[in-house]
Each structure stands twice: as C-alpha cells, then as structure tokens.
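The structure appears below as structure tokens.
There are 2 protein chains.
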Amino acid sequence: MTFISQSRRLRETPFTSGVVAAGVKAYTVYNRMLLPTVFQDVESDYRHLKTHVQVWDVSVERQVELNGPDAARLMQMMTPRNLSRMQDDQCYYVPIVDHKGRMLNDPVAIKHSETRWWISIADSDLLFWVKGLALGAGLDVDVFEPDVSPLAVQGPKADMLMERVFGPIVHDIRFFRQKRLSFNSQSFLVARSGYSKQGGFEIYVEGTKNGMPLWDTLFMAGRDLEVRAGCPNLIERIEGGLLSYGNDMTMENTPFECGLGKFCNAPDDVDYIGKSALRAEAATGPSRQVRAVAIDGAPLPPAQACWQLHDKGTPVGKVTSAVWSPDIGTNVAIAMVEASHWDAGRTLTVETPKGPRAAQVQSRFWN
Amino acid sequence: MTFISQSRRLRETPFTSGVVAAGVKAYTVYNRMLLPTVFQDVESDYRHLKTHVQVWDVSVERQVELNGPDAARLMQMMTPRNLSRMQDDQCYYVPIVDHKGRMLNDPVAIKHSETRWWISIADSDLLFWVKGLALGAGLDVDVFEPDVSPLAVQGPKADMLMERVFGPIVHDIRFFRQKRLSFNSQSFLVARSGYSKQGGFEIYVEGTKNGMPLWDTLFMAGRDLEVRAGCPNLIERIEGGLLSYGNDMTMENTPFECGLGKFCNAPDDVDYIGKSALRAEAATGPSRQVRAVAIDGAPLPPAQACWQLHDKGTPVGKVTSAVWSPDIGTNVAIAMVEASHWDAGRTLTVETPKGPRAAQVQSRFWN
C-alpha cells in the first residue's frame, strides 16, 4: 500500500479527531474528503460490524441543499423517479442522469418540504451540476453545500445504542424515513438508512462543532455493546450488493444497466432530463447489467481496477468490485455483464491479478 | 502518514505503471485520480527539479471539451477574462466563477478553434458545471471529458530533453502557446506551461494507449540529463506562489481575493456569470487577499489544514499552505490575509502545530 499526502484540499471532517484517536489505518478520498476504510483490518472490521455496532464517519456524504420556490421543480427535473407522492419524512434513492440518461450520481434525496431538499451525494461534485442547471434555466432556488455531516450507526445493536442516546422514539423511525431528534440543545435529522445490510441509522449532524460531542456520547453510551469506530466495509457491501458510484457504475452507465430501472417510474406527463433516452432504453431493455458473480479458487486481493470477463476469449463484461468473503467462502464480486451472458448459472472466465479464474453469475447477491 | 486504499474509483492514469516502476512513495487524489506527491523525498525531489529535468504524470489535469457552434459563447459566459483577442494557439489562465463571483475552478483554457475548446481543470468536477449550464441554457454544444492526459516535462533541462524527442521546433513554442507536434504516428498538442517556475512543457497525450510509449521514450532520451519521474513539488510551488485550488482558494473566494484581478478584464458589453458581483468588488477592492508569508523559527511540517493568523489575538487571516524551504532558509507560506493587515513587512502571529510563531507578510513570492 502507498501513503496518502494530506492537505487542506483533502478535507477533514467534524469527526476526524475521533477517527484518528480510534486508530484509523487507511483512508480513501471521497468528494474531496477523507473517508476511513480500515480500522483493525477489513476482515475483523467486517466480523465486528455483523456482530455488534459501529459508528461511521460518513461526512463524505455531502449535502446539496435546494432552497426556494423552484426547489421541487428542480428536484423532479433531475431524476426519472416519480417524486409526486414523496412525503416530508421520506428519503428516496434517486438516480441522477444527464440528457443521455447516463448516471451522474446515485444519491439519497431528503425532502424537508416542497421548497427545501437535501441531496446526500455519492462521489461526484453534484453541487456543480445542480448549480449550473439552476442558473442556466433561470430557476428561483438557492443551491449550496450546508455544514452537515452524516454520522452512521450500523450493526445489529444499532437500535439499542441509538435508544440510549436519543430515546425510544428511534424505534418509530421506519426504513428510509426520518425524524428530527434532540441531542443536547440541538435537533438533528435522523434516518433509518446506511451503507450496510446490518441495519442502522444516519444522523445528519448540523454544525461542525456539534460533531465530536455526539461522537463521544455514542462511544460512552455503547461501551458494554462493544461499540467501535468503523466504516463502509468492502466485504459486507459486496455480499449485500450495495453499489459504489465510481466503482460499479460511472458516467458510462444508465440506471437500467445499474439495476435501478424500478426507480425510472415518473409518469408520462412529467418532464425530466434524459427522459427520451431512458424511455428508448426501457423499450428495448439494457444491453448489459450489474450482476453478482462468484469467483472460484483461493482468496483474491480486493480489486483495485476492472477485471475483464470473457467467454472463451470473447469479452462479455468486467468485474468492478471483488474481495474474498469468509462467510460465503468464495470470492464475491460485482460485475457489469453483457445481456448474452448475464443469466444465472453461467460460467465465465475472469482475468484476475492471480491469473484467469472461473466465475459463476449468481441469481442475486448474498445478503 | 496513513495509507491510501486503492480502487477503480480513484482512477489510474495512462502512466501509472511508469510511476509505480519509478518508486512513487505517496499519492494525493485530485479529480478522483491518483497524483504522485513524493518519489525520493520532498526535498530531494525539489533539488532535482531545480537542477535537471523531470517527467510528471499530471493526468489529473482532466480536460473538459466544448465542441459545437455555441462553444465560444459558452466559454466566454463562464469567465470574466476577455477572450475576444485570444488566438488559436494560445492557452489562457481563466478564473471560473459562479453567479456570486466565487471561484469554482482556476483552469487553463486551450482554444483549438472558435467551435472547439479544452478546459484543463484544477481539482473540482467542472465538467458538471459546464454540462449543467449548457443544458439549462439550451446551448448547441457537446460537453464531455475526452481521453486526454497531460504529461509535464519540467526543469532547467526541459528544452534539451524535449528537443531530442520532438525536434528543435520545441524552441519556437512561446510561453502559454501551443503547437501540434508529431510523436510516432500520432500528433499531440504541446504547450510551454506547467505547475513549476523551472520552465518546461505539457504534452496533452491523446489516447490512453499512447501514454507509456511516450513516457519510455522520454526516459530513454534523457538518461544523460539525469531525467527522473517527478511531480508538482510543495516547496517549489510555494516559493513560486503557484496557488492550489482547494488549498489556497476555495468556493469561498473571489478572483480578486486570489490576486487574479488582472484576469477580470472582459469589456463592459460582454456578459458573463458573476459580472455584477465582480464589478461591485472591483469598485471597492477585496477585503482580503493572498499573500506570501515567511514564518520564523525551526523547520515546520507541511501544513495539512489551515493555520490561524492573528494580531495580538485578533483574527486576521489564515495560512493555507506552508513548508520549510532549504533554499530560502525559512518556512515559506501562502496565506489569505485581511486588508487591515496585508501590507508587506507586517508581523503577525500564526498558530502552527509547533505552537505560535512570528510571521512576516512579504511584498512578493520568492521565485
């Protein structure tokens, strides 16, 4: 592994001092901000996440705020997902595409009201797209990045820990719904969501100075629950089929290719960017799509770049994320596979850094 | 230092195999791509850059291509710099601002023709801003990232090395001008430019597969010139006052604050984004501005975050980049200083990780 040179440009978060004190071993950079990737080691972090409860600094999920009379209009303009029945306490996973229907980001939209929205973004400067669109189209809406940093509480004991800090009201928050809960003299938006399949919450911490008091409180309250600092875990997210923008999908892909066709459901009379391209693709179906793939043989190192998939020499796609799973007992992978070869049970060949390996297309992800 | 976790999302470049073989020790991430920061150590790299010649993988300077009838109109819409007299072989440093006159990027614009431009970007997804504007305003122009990766040749022997590979025509390229030069069966745009004060060129390599052949040719041709792999050098860039977007300026700053007022020279009858905000600030002058600052005392570690500047307890700005300079024999720094305290010779106090230090505002940068 290589070192990372730190500078102001790779932004710290409200929780960086906590993350460092917890012994972070490696970072990635996400939205020009430091995101921890390893505390003990990827496998120990994974085992702990599946057993106890972890607190994750996911400040890198930056918010783009839309505030003003045209906020709802702009939000619907940007996504093929039907927002007309979205309620004020809902969080929606929304593909954001350009005029060719290509993915620019796969964020979660949070509706505060018709005139105020947050978009909790994946790894691209969506702020620039939204600002450019609003200005170019002359819309009456302010677009900016507020001082909001999500802190995730994930794992089977997440409800227990959250109840100790925020009270039993946390149990009333349904999946992908949110409530405003009190902490000290603040109130934070708390959603039942997060980038793991273990269950848990994301707390949208408003105000950098409010970060470490909440961090410290969670760790004090969770001592007997064996709470630890954690981070999105490569093994757990691949087992669960949680896609990563920039890894498993890029600006080359459409929502249908990413398996997000069900979110392209805006009615015919709604206009949005990319509508004609997406309707054309909906009619024919995508030519390739995300699939779970199991790779045979001994444990492989995590994929650091794409691995080519082929069928007796004919290219049929690529593996975009891969790692050894101790629980499944195989190398688990996410791949973009051509329609001709995407059926479950199909055996393909993948070119790994350890040489060619057999790989089977799965019917679904593992968890 | 902490490790960096690599993945497809932190993109490799056409030259990554060369960079790894040359023994890169650390990276930063810039435009979601790996940028080397250290080969031997920062001071040895600096000494070598000032004495010999280095080849830098600066693929992170991604290009945004504007191609179509409205390309020139969109380009002028985005910058306060007067583009009306720009010639087809010129490169222009152009502040790009939003409607409030705040810096979104400080790229170099390259004019191929009235209908085709490249914007060679600093660290923000300017592609999204340009695409959003073009779509929102209904302009007739394609906007995309082409497969172009700049390779820089920098240092006092840069002309000698470049002549060996491209011929004596390289001497005819004037500062911030470009020519198309042949290499193998390709032709690449070559500009006299680069992120150092030591002189040199940037070769805009078109086509990923053409990267390593050029890299290898430069190293073969420059053996007796002691050519080495290098990268933008922290000491050299601070001595020379080369600002870094994300470090020394952000979306909080205006071009006037960044000392880029001379590039806000579009005539009155030209419309561009941020015009009214910038004209208002031009009338009053900025309230703070970039300054060179020398920090007293023993060598300091490179600044990894802002260091507060104050005058007997009153905040008067912040140091945004700093490092020990062996040639100047002091800690050299770039700071954003309030108008009340920005006069040369003024002594301020800076809060460093090694405690408070005296710091003098300089009249200019060192090189």
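From first to last, the protein sequence lines are chains U and Z. Residue 343 in this note's numbering is what sits at position 343 of the first sequence, and the numbering runs on without skipping anything. Residue 323 in this note's numbering is what sits at position 323 of the second sequence, and the numbering runs on without skipping anything. Note that the Cβ used here is the ideal one computed from N, Cα and C, for glycine as well.
Listed by chain order, chain U residues near residue i by CB distance under 8 Å
i	result
methionine 336 of chain Z	Within chain U, no residue comes near methionine 336 of chain Z; the closest Cβ sits about 11 Å away, beyond 8 Å.
aspartate 98 of chain Z	Lys131, Leu135
Residue i versus residue j - alpha carbon distance
i	j	result
valine 64 of chain Z	cysteine 264 of chain Z	22 Å
serine 44 of chain Z	leucine 234 of chain Z	12 Å
alanine 369 of chain Z	valine 350 of chain Z	Summary: the structure shown does not reach residue 369 of chain Z, with chain Z confined to residues 1 through 367, and so no result is reported for it.
serine 321 of chain U	leucine 218 of chain U	32 Å
methionine 251 of chain Z	methionine 336 of chain U	36 Å
cysteine 306 of chain U	glutamate 12 of chain Z	11 Å
alanine 298 of chain U	tryptophan 56 of chain U	31 Å
tryptophan 215 of chain Z	valine 20 of chain Z	13 Å
aspartate 147 of chain Z	arginine 8 of chain U	29 Å
threonine 254 of chain Z	leucine 278 of chain Z	8 Å
threonine 2 of chain Z	lysine 25 of chain U	6 Å
arginine 186 of chain Z	alanine 292 of chain U	One detail in the question is off: residue 186 of chain Z reads as glutamine in this sequence, not arginine. Distance between the alpha carbons of glutamine 186 of chain Z and alanine 292 of chain U: 41 Å.
serine 276 of chain U	arginine 73 of chain U	19 Å
lysine 179 of chain U	phenylalanine 166 of chain U	11 Å
arginine 288 of chain U	arginine 81 of chain U	21 Å
valine 141 of chain U	proline 301 of chain U	46 Å
threonine 208 of chain Z	leucine 189 of chain Z	15 Å
tyrosine 272 of chain U	phenylalanine 39 of chain Z	48 Å
alanine 22 of chain Z	glycine 222 of chain Z	15 Å
histidine 310 of chain Z	glutamine 6 of chain U	24 Å
leucine 181 of chain Z	proline 168 of chain Z	11 Å
alanine 303 of chain U	threonine 28 of chain U	14 Å
lysine 131 of chain Z	arginine 102 of chain U	12 Å
lysine 318 of chain U	phenylalanine 256 of chain Z	48 Å
proline 150 of chain Z	valine 58 of chain Z	5 Å
valine 266 of chain Z	glycine 241 of chain U	Here residue 266 of chain Z is alanine; the residue named in the question, valine, does not match the sequence. Spanning the two alpha carbons is a distance of roughly 51 Å.
threonine 37 of chain Z	histidine 341 of chain U	42 Å
Partners in chain U for residue i, counting only beta-carbon separations shorter than 9 Å
i	result
arginine 73 of chain Z	The premise fails here: arginine 73 of chain Z is roughly 13 Å from chain U at the closest Cβ pair, so nothing lies under 9 Å.
glycine 246 of chain Z	Ser7, Arg8, Arg9, Leu10, Arg11, Arg32
isoleucine 273 of chain Z	Leu135
Own chain, CB closer than 6 Å to residue i, minus 5 neighbours either side, in chain order
i	result
tyrosine 30 of chain U	Val60, Asp123
phenylalanine 144 of chain U	Glu65
isoleucine 119 of chain U	Val64, Pro107, Ala109
tyrosine 93 of chain U	Val108
glycine 285 of chain Z	none
serine 196 of chain Z	Gln154, Glu236
Residues that residue i contacts on chain U, provided the C-beta gap is smaller than 7 Å
i	result
glutamine 6 of chain Z	Gln304
aspartate 70 of chain Z	What aspartate 70 of chain Z touches in chain U: nothing, since even the nearest Cβ is about 12 Å away.
Contacts that residue i makes with chain Z (C-beta to C-beta distance below 7 Å)
i	result
aspartate 125 of chain U	Ser124, Asp125, Phe128
leucine 133 of chain U	Gly132, Leu135, Gly136
threonine 37 of chain U	Ser5
Contact list for residue i against chain Z, beta-carbon separation under 9 Å
i	result
tyrosine 27 of chain U	Thr2, Phe3, Ile4, Ser5
glutamate 12 of chain U	Gln304, Ala305
valine 24 of chain U	Thr2
Residue closest to residue i, alpha-carbon to alpha-carbon, out of the options
i	options	result
alanine 280 of chain U	U:Asp311, U:His99, U:Ser7	U:His99
glycine 329 of chain U	U:Thr314, U:Ala344, U:Trp366, U:Gly345	U:Trp366
valine 323 of chain Z	Z:Gln154, Z:Arg237, Z:Ala158, Z:Gln76	Z:Arg237
valine 170 of chain U	U:Glu206, U:Val153, U:Ser185, U:Gln186	U:Val153
glutamate 206 of chain U	U:Val24, U:Arg62, U:Leu35, U:Asp41	U:Arg62
phenylalanine 175 of chain Z	Z:Pro156, Z:Ser185, Z:Phe201	Z:Phe201
lysine 354 of chain U	U:Gln6, U:Lys312, U:Met249, U:Gln308	U:Gln308
isoleucine 4 of chain Z	U:Gly18, U:Ala22, U:Gly23, U:Leu35	U:Leu35
isoleucine 173 of chain Z	Z:Asn184, Z:Asp159, Z:Phe183, Z:Leu225	Z:Asp159
aspartate 41 of chain Z	Z:Gln304, Z:Pro232, Z:Asn247	Z:Pro232
threonine 115 of chain Z	Z:Glu226, Z:Thr314, Z:Leu139, Z:His341	Z:Leu139
aspartate 89 of chain Z	Z:Gly317, Z:Ser193, Z:Ser325	Z:Ser193
arginine 228 of chain Z	Z:Leu243, Z:Thr37, Z:His48	Z:His48
aspartate 268 of chain Z	Z:Ala71, Z:Leu260, Z:Ala282, Z:Met86	Z:Ala282
cysteine 91 of chain Z	Z:Tyr204, Z:Met220, Z:Ala191	Z:Ala191
Cβ shell of residue i (< 7 Å), same chain only, five flanking positions each side left out
i	result
asparagine 105 of chain Z	Ile96, Ile121, Ala122, Ser124, Leu126, Tyr245
alanine 358 of chain Z	Asp296, Thr347, Thr349
methionine 75 of chain Z	Leu66, Leu83, Ala109, Trp117
Chain-order list of residues whose beta-carbon lies under 8 Å from that of residue i (same chain, five-residue window excluded)
i	result
alanine 294 of chain Z	Ile328, Thr330, Asn331, Val332, Ala333, Ala359, Gln360, Gln362
methionine 212 of chain U	Pro14, Phe15, Ser17, Gly18
proline 156 of chain Z	Lys50, Thr51, His52, Val53, Gln198, Gly199
Chain Z contact residues for residue i, given Cβ-Cβ distances below 8 Å
i	result
threonine 320 of chain U	Arg8
valine 58 of chain U	Simply none; closest approach about 15 Å.
With 8 Å as the C-beta to C-beta threshold (strictly closer), list the residues of the region 100 to 116 of chain U near chain Z in chain order.
-> Residues Leu104.
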